[in-house]
Every structure is written in C-alpha cells, then in structure tokens.
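Trainee:
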Amino acid sequence: MNEGYLELISLNVWHIVATIANLLLLTLILKKFLFKPVQNVVAKRQGQVDELYRAAEDSKSQAEQDKALYSEKLAGAVEEAEAIVRSAAQRADRQSDEIIADANRKAAETMKRAEEDIEQAKKKAMDDLKNEISDISVKIAENVVGRELSGEDHRELIDSFIENL
Amino acid sequence: MENLNITGAKIYFNIPIFGGIPVTETQVNSLLVILGVFLLCLFLTRGMKTRAISKRQVAAEWIVEQVTKLVRENMGEGFLPYSPFICAVLALSALSSLISLIGLYPPTADLNTIAGWSILVFGLITFYKIKTNGFFGYLKGYTEPIKIFTPFNILSELGTPISMTFRHFGNIVSGVVISTLVYAGLASVSTLLLGWLPGLLGKIPFLQVGLPAVLSIYFDVFSSCMQAFIFAMLTMLYIGNAAKSE
Numbered sequence: 219m220n221e222g223y224l225e226l227i228s229l230n231v232w233h234i235v236a237t238i239a240n241l242l243l244l245t246l247i248l249k250k251f252l253f254k255p256v257q258n259v260v261a262k263r264q265g266q267v268d269e270l271y272r273a274a275e276d277s278k279s280q281a282e283q284d285k286a287l288y289s290e291k292l293a294g295a296v297e298e299a300e301a302i303v304r305s306a307a308q309r310a311d312r313q314s315d316e317i318i319a320d321a322n323r324k325a326a327e328t329m330k331r332a333e334e335d336i337e338q339a340k341k342k343a344m345d346d347l348k349n350e351i352s353d354i355s356v357k358i359a360e361n362v363v364g365r366e367l368s369g370e371d372h373r374e375l376i377d378s379f380i381e382n383l
Numbered sequence: 043m044e045n046l047n048i049t050g051a052k053i054y055f056n057i058p059i060f061g062g063i064p065v066t067e068t069q070v071n072s073l074l075v076i077l078g079v080f081l082l083c084l085f086l087t088r089g090m091k092t093r094a095i096s097k098r099q100v101a102a103e104w105i106v107e108q109v110t111k112l113v114r115e116n117m118g119e120g121f122l123p124y125s126p127f128i129c130a131v132l133a134l135s136a137l138s139s140l141i142s143l144i145g146l147y148p149p150t151a152d153l154n155t156i157a158g159w160s161i162l163v164f165g166l167i168t169f170y171k172i173k174t175n176g177f178f179g180y181l182k183g184y185t186e187p188i189k190i191f192t193p194f195n196i197l198s199e200l201g202t203p204i205s206m207t208f209r210h211f212g213n214i215v216s217g218v219v220i221s222t223l224v225y226a227g228l229a230s231v232s233t234l235l236l237g238w239l240p241g242l243l244g245k246i247p248f249l250q251v252g253l254p255a256v257l258s259i260y261f262d263v264f265s266s267c268m269q270a271f272i273f274a275m276l277t278m279l280y281i282g283n284a285a286k287s288e
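These protein sequence lines are chains C and B, in that order.
Last residue of the first sequence: 383 (the numbering used here), numbering continuous.
Last residue of the second sequence: 288 (the numbering used here), numbering continuous.
The following block contains the structure:
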C-alpha cells in the first residue's frame, strides 16, 4: 500500500464525525438558501393569487348587483315612458276636444249674431218701407184731397190705415 | 499488470491532535461539493419574483417542489421539515459520486462518508422509535413477538445502517474498482496487440478509448444517481416507519 493513501476499506471516527457534520451543514445551507427563499416566494405568489381571486369575485358580485339595479331602473324607465306617453295622449285628446267645442261655440255665436243682424236689418228695412209708404200715401192723399194735410194730424190715421192693409 | 493499486482516499496531511487525524481527498472533495451546492443555491434563488419568473427560479422551485412531494408521499405531512435534510442526502450523495466525472476522487467511495450518513439516519430512526413508543416501549419492541427473538431483533436493528452503508459504498467502490481494472486491462491488451507499432505510437493505449466511457456512464452517472435515490428513499421510509406507532 502506498504511504499517502488510506486503505480501500478503512474506518476513522473523525472522518465519520466530519461526514455527519458535512451532511448537517449542507442541510442547513439548503434550508436557508434554497427551501426558505423558494417557500417564501411561493407563499407570496399564493397570497397574490388568492388576492386576485378575491378581487375578481368582489368585482363579479358588484357587477351582478349593478346589473340587477340597472335592469330594475330600466324597467322603471319603460313604465315611466309609457305613463308619459299615456298622459300626453290624454292631454292631447282633452285639448282637441276643448278646441273643437270652442270652435263649435264660436261658430254658433257667429251664426246667432249674423241672424240677429239680418233680423235687425229686415226690421229696419220694414220700418223704412213703412215710413216711405206712409210718406207716399200722404203725398198721394194731398194730391187727392188737394190740400195739404197736416202731417201731424193725419199721420196717426195713415199709420192705422197701413196697419190695416 | 504491474503496479496496480486500488486504494482509498489520498491523504493530504495529518492534523497532529488525537494521534493524528488524516485530512484526505474525501474531506476536501466533500467540502467542494458543499461549496458547489451553496453557490448553486445562491445562483438559483437570486432575484426571485412572484411573476414572470426566470428559468433559474423555475429550476429552484422544481427542486423544492419535487423533494417536498417525495417527503410528503414517503414520510407524511408531519415530516415536511425534513425536506431540506432529504434534499441534502440526495445532493451530497449524487454529487459526491458524480464528482468522479471530472476526475476527482468520489467521497462516496470512502466507507467513512456513507457510514457517517447511516449512523445519523440510525440515530434518527432510534430517536423516533423512542419518541413514538416511549423508552421502555422501544426496549420492549426488541422482545417481540417472543423473548427468544431479542438477539435477532437487535441484529436486524443494527443491520439497517450496516446494509445501507455497504449497499451504497459497495456500488460506488465496485464501480471504481472495475473502472480501474478495465483501464489497466485495456492498457495491457493494447501493449500486447499494438506494441509493435514504431516509437511513441506503440505506447498509446488505443483500446482505452470507448469501452471505459460506456462503463463510466453506468458506474459514474446511472449508479451514482440510483444510489443517491435509494439511500434517500430508505432514509425516508425507515424514519417514517419509526415514527408510526407499532
């Protein structure tokens, strides 16, 4: 055997102790420099993922709430619009009725006034005609009698005469 | 075949206490492996982020995840703090063997290395047996099923670390021995067959090219990883079983 070599199979307590120490040292190194950092970063990522999921679920429920609210509002708006249209139509109906009634009344008034005017004009014409006739009659009578009749004296007479015609 | 020596680790110097503690290739190369793993850890975990992670971080997370999974499956949820220890066993065993690929002496070819690990595992097994069953329960376990079994039980208990040690040590050392023998043998055959070639040409052992590479793939790569895995699996199973109440 060479002087500078161990036997192929040899045991040395200090080498065994050193080996155990080496294994424990490597365990500590792996724990501190590999497992801890990796576990930390994985845990951190898990936290972030959980956070994202929570945020997404929050947004989803918020969106659903909003949706329900909006559809409710939309239904209300449709109803309101219908009510507006209905009341507008009612008002228009009422107004048109009023306008027609007004027009009818005005037309009737105009007719009535026109009839009154006609009546008056007729009456006036009648009166004028009466006066004319009486004047003519007086003139004729004058001519017949040959003297002037006192208008005042005979008018009554003539009038009654005309009445009796 | 002349001057063929198969030896243990080369002794660098002796620490002159306790009658001289030899410092050998085993210790130096073990520390090299530990340093390498340490630097690899720093490299892999540098600048870790939670999003858009680098390939280095993927590797780091993969290693941690796989080892943790292995421990969970073989030892149970309660033993997850043992993950770094199992990872250390795997890394130290595999890399200590694989270091032979770059021409360094594999510390796993030194009986002391494996014996140390096995003694540590044996200590853990015993610790968990006592913790689970109590000290007297642990002692009583040796007399079961009947008192006459006691010697055999003790033998079987001691057999655990010894078999673990020699399984691993034997596999690695047999690789070293066979590789050395094949190298020497091929050199002899080469000299025998091609020695007539003129000058320097006759001294080149051409036959050493090829076959040793194939052997190296088996003994250095496959066997190294296999033994590391087996040792880690046995460690997990023995400790896990010890913690289960019997």
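Note that the Cβ used here is the ideal one computed from N, Cα and C, for glycine as well.
All values reported here derive from a predicted model rather than from experimental measurement.
Using only the alpha-carbon positions, how far apart do T222/B and T233/B sit?
Mentor: The straight-line gap from Cα to Cα measures roughly 17 Å.
Trainee: Is V215/B near L229/C, with beta carbons less than 9 Å apart?
Mentor: Against a cut-off of 9 Å, the Cβ pair of L229/C and V215/B comes out as no contact.
Trainee: Where do the ends of the beta strand (DSSP E) carrying F55/B lie?
Mentor: That run of the beta strand (DSSP E) goes 53 to 57.
Trainee: With T222/B as the anchor, note down where its beta strand (DSSP E) starts and where it stops.
Mentor: No beta strand (DSSP E) holds T222/B; the alpha helix (DSSP H) holding it covers 192 to 236.
Trainee: Report, in whole angstroms, the separation of the C-beta atoms of L252/C and C267/B, which I expect to be a contact under 8 Å.
Mentor: Not confirmed; about 19 Å, so no contact.
Trainee: Look at the alpha carbon of T150/B and the alpha carbon of L137/B, and state the distance between them as a whole number of angstroms.
Mentor: The straight-line gap from Cα to Cα measures roughly 9 Å.
Trainee: With contact counted as at least three CB pairs below 8 Å, one residue from each stretch, are the region 125 to 132 of chain B and the region 105 to 115 of chain B in contact?
Mentor: The region 125 to 132 of chain B is in contact with the region 105 to 115 of chain B.
Trainee: For a cutoff of 9 Å on Cβ pairs, would you count F127/B as touching chain C?
Mentor: So yes, F127/B belongs to the interface.
Trainee: For L140/B versus L74/B, is the C-beta spacing smaller than 9 Å?
Mentor: Result no, Cβ atoms of L140/B and L74/B do not sit closer than 9 Å.
Trainee: Could you tell me whether the Cβ atoms of F164/B and P123/B are closer together than 9 Å?
Mentor: No, the pair does not count as a contact, with Cβ atoms beyond the cut-off.
Trainee: Is E282/C near the ligand MN, judged by its Cβ being under 8 Å from some heavy atom?
Mentor: In terms of ligand content, the structure shown is empty, and the ligand MN therefore cannot be addressed.
Trainee: Do V218/B and I53/B have their beta-carbon atoms positioned less than 9 Å apart in this structure?
Mentor: No, the pair does not count as a contact, with Cβ atoms beyond the cut-off.
Trainee: Applying the 10 Å Cβ sphere with the 16-neighbour rule, what's the burial state of G120/B?
Mentor: Answer is exposed; the Cβ neighbour count stays below 16.
Trainee: Per DSSP, T66/B is paired with what?
Mentor: T66/B is bridged to I53/B.
Trainee: Listing by chain order, which chain C residues have their CB less than 7 Å from the CB of G50/B?
Mentor: Here the neighbours are Y223, L224, E225, L226, S228.
Trainee: Out of V256/B, M206/B, N195/B, which has the shortest C-alpha to C-alpha gap to V224/B?
Mentor: Of the listed residues, the one whose Cα sits closest to V224/B is V256/B.
Trainee: So which residues of chain C does L153/B contact, with C-beta pairs closer than 8 Å?
Mentor: I227, S228, L229, listed in chain order.
Trainee: Please work out which residues of its chain come closer than 6 Å, Cβ to Cβ, to A274/B, disregarding the five sequence neighbours upstream and downstream, and give them in chain order.
Mentor: I128, V131, L132.
Trainee: Mind checking whether S352/C and R331/C have CB atoms under 9 Å apart?
Mentor: Against a cut-off of 9 Å, the Cβ pair of R331/C and S352/C comes out as no contact.
Trainee: Can you tell me whether DSSP reads M43/B as helix, strand or coil?
Mentor: With a pLDDT of 42 at M43/B, under the threshold of 50, the modelled position of this residue cannot be trusted; read the value that follows with caution. Reduced to three states, the DSSP call for M43/B is coil.
Trainee: If the cut is a Cβ gap below 9 Å, which residues of chain B does A301/C touch?
Mentor: The contacting residues do not exist; A301/C stays about 55 Å from chain B at best.
Trainee: Give me the Cβ distance between L244/C and I76/B, rounded to the nearest whole Å; I'm assuming they're in contact under 8 Å.
Mentor: At roughly 5 Å, the Cβ-Cβ gap stays under 8 Å, so L244/C and I76/B are in contact.
Trainee: Within its chain, find whatever has a CB closer than 7 Å to the CB of I196/B; leave out the 5 residues flanking it on each side and keep chain order.
Mentor: Excluding residues within five positions, the ones whose Cβ falls inside 7 Å are Y184.
Trainee: What residue range does the alpha helix (DSSP H) around G265/C cover?
Mentor: G265/C -> alpha helix (DSSP H) spans 254 to 363.
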